[in-house]
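Here the structure comes first, spelled out in structure tokens, and everything after it is commentary.
In my numbering, the protein residues as written are -4 to 339.
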């Protein structure tokens, strides 16, 4: 056998090995994406929350539509305005960058509610009620606001009156902040590939289809009540509640163990099926009391979580809960049974 023949044979073998590797990767991904048929009952949907304004006050729900972008208010009258989770965001009029309660804790005191089929009512302590007409693409200019790491997300501005109201309440100035709205049009779905490459490489289930509207990363935040109770017992002041973590879904049950969620790959509630994208890493937002908006001087619950719950992912931050993608839409009702399929 000549040298050229040996070289050619080696090249062919290498090519076959590469094809086999990528073929196995594709097969494994398709296998992971298959929805399970066997489920384990672990508890019930104990509470459900959504936050129309990013960093705004929570609204507790008894039932909700679970869409590909997350929770939406449900109503028998389809003509009424139905708000979605984090469909509104405050942003700077200088650099178009979003603003949250991490910097401005008073955002947590802002309530948003449907007023009529075209308007929402916005309230905050000491402020008059603001009525905001929800913009649409036919009458409002579309632009981009910047979220984490400069991610640019579709937006429509809510007008000068809203800008004045938010600037006065948060900055005590007549300008500086504005309010934007996301219409949840599928063509405006976020593209995370340009700013979250590290996360996409590590978390194999994380794609653009995992994202919500103006949520930090994904469409749903799920938390295990037993894990929160365990954390409370570790903190001497016991002042931390589930609301410090701003979840969408709170899973509860008498037999549910703390941190059992670490093993959940899929979650099924009624017709709705969710897929775990990643663990939910936590920031300084959790140290702000959602009722008083004051910061915890001892950095709780982060300080305690840092002692025993750190993510193994690219961001070594404290973990509480799961970030999940909606794989099958439907309606959610508090009290429904919750089923899981565990990681293989």
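No residue lacks a Cβ here, since even glycine has one placed at the ideal position from N, Cα and C. These figures come from a predicted structure and were not determined experimentally.
Asked	Found
Distance between beta carbons of residue 38 and residue 251, contact taken as under 8 Å	5 Å
Range covered by the beta strand (DSSP E) that runs through residue 161	First-last for residue 161: 155 to 161, but that is the alpha helix (DSSP H), not the beta strand (DSSP E).
Cβ contact (3+ pairs, closer than 8 Å) linking the region 94 to 102 and the region 32 to 51	yes
Of the listed residues 336, 63, 40, 175, nearest to residue 204 (C-alpha basis)	63
Runs of alpha helix (DSSP H) lying entirely within the region 261 to 305, each at least 4 residues, in chain order	297 to 300
Per-residue burial, residue 210 [other beta carbons within 10 Å of its own, 16 or more giving buried]	buried
Separation of residue 178 from residue 168, as counted between CA atoms	28 Å
Where the alpha helix (DSSP H) through residue 222 begins and ends	220 to 229
Contained beta strand (DSSP E) runs [length at least 3] in the region 119 to 160, N- to C-terminal order	125 to 128, 137 to 141, 147 to 152
Beta-bridge partners of residue 237, as assigned by DSSP	According to DSSP, residue 237 bridges with nothing at all.
Exposure of residue 278, with buried meaning 16 or more beta-carbon neighbours within 10 Å	exposed
Chain-order list of residues whose beta-carbon lies under 7 Å from that of residue 99 (same chain, five-residue window excluded)	165
Counted within 10 angstroms of its Cβ, other Cβ atoms place residue 330 as buried (16 or more) or exposed	exposed
Element boundaries [alpha helix (DSSP H), containing residue 193]	192 to 197
The region 260 to 275 contacting the region 314 to 328, beta-carbon criterion three pairs below 8 Å	yes
Residue from 218, 147, 172 whose Cα sits closest to the Cα of residue 184	147
Cα-Cα separation, residue 158 to residue 311	37 Å
Pairwise C-alpha distance: residue 84 and residue 130	13 Å
Minimum length 4: unbroken alpha helix (DSSP H) runs contained in the region 77 to 122	none
Three-state secondary structure assigned by DSSP to residue 338	coil
Under 9 Å between C-beta atoms of residue 127 and residue 156	yes
For residue 165, three-class secondary structure by DSSP	helix
CB-CB length for residue 258 against residue 338, believed under 8 Å	6 Å
Beta-carbon proximity of residue 87 to residue 172, cut-off 9 Å	yes
Anticipated Cβ contact below 8 Å, residue 327 with residue 58, distance rounded	7 Å
Contact check, residue 340 vs residue 333, beta carbons under 9 Å	Residue 340 is absent from the model: the chain starts at -4 and stops at 339.
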